[in-house]
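Numbering (our numbering), first residue to last: 181 to 454.
Each residue gets a CB set at the ideal place from its N, CA and C atoms; glycine is no exception.
These notes are about the structure you will find just below.
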DNA sequence: AGACAGGGGTAGG
DNA sequence: CCTACCCCTGTC
């Protein structure tokens, strides 16, 4: 078991906030699969204990432990509302997920919910991914695009109308294209992502934020819409476009972090027991 | 118990 | 701009 220091980090909040779906908790550890990487991890105070087929550098990048967290907080702390949200979700960090897994995860997310997305991802991994035995547990790596080639089998993952999007995405997402998306800038990456069926405005913002390190991305779902209308606009109805442009401008470079704090805070309010 | 609406969104009409 | 979409879950 290896050990690293991780101040200003909350493992549970980071994994459970709804940005990542390929993990489960057992025997006091989180078992995490990200593409072809897998590891177990637990937090004790400011330290992380982990083991798996990964390096320490991978872990630091995955959980953005190298981000200057205090500086980020300073940049987005524009008012009492966001400060309160930050207070309630302190330690939450944005994960840098493997791109293809992230794309499929958020294709699955439309008109869905966290438990169901997790189920879809696990089922797709079992059907198409390579099995690995690790710490007496059977894990499945997340498949490469070319490994997902059977529409009927995808349908068995209960992805419903999203199954055809998963299939098409897997056909189109060659290694070359994925590499291109990783190398290009925010607006270009977003354009390419939105050319996939099943990836629209919101889903592409999520992928930009959770896989491509574009921290100014600001995904607006119904939760963020309701919450920002309530907190910032006296419950007046605003369009998604307005909300996106307003908060990108308002919070600046780390708008995506502000979004995550508001989102986590809103969700936690809804279900205080968790 | 069994029907029914609606969900962290998107494409297509 | 408005709906259907596939499946699951919570609610009546």
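Checklist entry - Pairing CB atoms from the stretch 240-255 with CB atoms from the stretch 414-423, are three or more of them under 8 Å? => result no
Checklist entry - In chain order, what residues of the same chain lie with their CB nearer than 7 Å to the CB of residue 246, ignoring the 5 residues before and after it? => result The sequence position of residue 246 within the first chain is 66, counting from 1. 240.
Item to check | Where residue 298 sits in the DSSP three-state scheme | outcome: Taking the first residue of the first chain as 1, we reach residue 298 at position 118. Residue state, collapsed to three classes: helix.
Checklist entry - Which first and last residues belong to the alpha helix (DSSP H) in which residue 426 is found? => result Position 246 of the first chain, counted from the first residue, corresponds to residue 426. Per DSSP, residue 426 belongs to the alpha helix (DSSP H) from 420-431.
Checklist entry - Going along the chain, which unbroken runs of the beta strand (DSSP E) with 3 or more residues stay wholly within the stretch 308-369? => result 311-314 and 317-320
Checklist entry - Excluding sequence positions up to five away, which residues of its chain have a Cβ less than 6 Å from the Cβ of residue 453? => result If you number the first chain from 1, residue 453 lands on position 273. Per-residue confidence for residue 453 stands at a pLDDT of 37, beneath the threshold of 50, marking its modelled position as unreliable; the derived number appears in the next sentence. Closer than 6 Å at Cβ, skipping near neighbours: no residue.
Item to check | Rounded distance between the beta-carbons of residue 278 and residue 210, thought under 8 Å | outcome: The count along the first chain starts at 1 and reaches residue 210 at position 30. The count along the first chain starts at 1 and reaches residue 278 at position 98. With a Cβ gap of about 17 Å, residue 210 and residue 278 do not count as contacting.
Checklist entry - Under the DSSP definition of a beta bridge, which residues are partnered with residue 436? => result Residue numbering aside, residue 436 sits at position 256 when the first chain is read from its first letter. Per DSSP, none; premise fails for residue 436.
Next on the checklist: According to DSSP, simplified to helix, strand and coil, what is residue 150?
Outcome noted: No answer is possible for residue 150: the residues shown for the chain start at 181 and end at 454.
Item to check | Beta carbon of residue 186 nearer than 7 Å to that of residue 228 | outcome: Numbered from 1 along the first chain, position 6 holds the residue referred to as residue 186. Numbered from 1 along the first chain, position 48 holds the residue referred to as residue 228. Yes, the pair counts as a contact, with Cβ atoms nearer than the cut-off.
Next on the checklist: Can you tell me where the beta strand (DSSP E) holding residue 228 begins and where it ends?
Outcome noted: Translated into positions along the first chain, residue 228 becomes position 48. 227-232 is the extent of the beta strand (DSSP E) around residue 228.
Item to check | residue 206 (DSSP reduced to helix, strand or coil) | outcome: Counted from its first residue, the first chain places residue 206 at position 26. Reduced to three states, the DSSP call for residue 206 is strand.
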